[in-house]
Amino acid sequence: MRDLSIAEAEALHGGRLDRRCRYATPEDGVPCNLTGSLVYGIARWSEACSGCYEGYYTDHGRGHGCSECGYTGRSRREHWVPIPPADADEAAQAQAKGE
Ligand SMILES: [Zn+2]
Numbered sequence: 445m446r447d448l449s450i451a452e453a454e455a456l457h458g459g460r461l462d463r464r465c466r467y468a469t470p471e472d473g474v475p476c477n478l479t480g481s482l483v484y485g486i487a488r489w490s491e492a493c494s495g496c497y498e499g500y501y502t503d504h505g506r507g508h509g510c511s512e513c514g515y516t517g518r519s520r521r522e523h524w525v526p527i528p529p530a531d532a533d534e535a536a537q538a539q540a541k542g543e
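Note that the sequence shown covers residues 445 to 543 in the working numbering.
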């Protein structure tokens, strides 16, 4: 992924974006095949460490600590998620309204 400035991200998206977030675009310039997105935002969350947590509810669990999580019992995860182009949003809204 190549990092985008907010101006580049808004130009590719075709609308306004949250300026507090980070955006990137695929290096190969190929849009997401599900959403047609060229702009991706980062989603960050933490979950129970897969290396030391033995329960079931990983979203609010905590492991006993291991070298994988730095002995915190939690691991940080992040993933790029496609942001649908602004005009696709409008088309979907128009369709929902029956226009
Ligand atoms: Zn761990």
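Idealized CB from N, CA, C, for every residue including glycine. Note that the structure is predicted; figures quoted are calculated from it, not measured.
State the Cα-Cα distance for the pair Ala530 and Ala487, rounded to the nearest angstrom. Cα-Cα distance, rounded: 19 Å.
Counting only the same chain and skipping the five closest in sequence on each side, list residues whose C-beta sits under 7 Å from that of His523. Taken in chain order, the residues that qualify are Ala487.
For Glu512, which residues of its own chain have a beta-carbon under 8 Å away from its beta-carbon, when the five flanking residues on both sides are left out? Same-chain partners within the cutoff: Cys493, Ser494, Gly495, Cys496 and Ser519.
Where Asp472 falls: helix, strand or coil (DSSP): DSSP places Asp472 in coil when its eight states are reduced to three.
For Glu491, is the beta carbon positioned less than 6 Å from some heavy atom of ligand 1? No, the beta carbon of Glu491 sits no closer than 6 Å to any heavy atom of ligand 1.
Assuming Arg460 contacts Glu452 under a Cβ cut-off of 8 Å, what Cβ separation, rounded to an integer in Å, is found between them? Actually they are not in contact, since the Cβ atoms of Arg460 and Glu452 sit about 14 Å apart, beyond 8 Å.
From which residue to which residue does the alpha helix (DSSP H) around Leu456 run? First-last of the alpha helix (DSSP H) with Leu456: Ile450 to His457.
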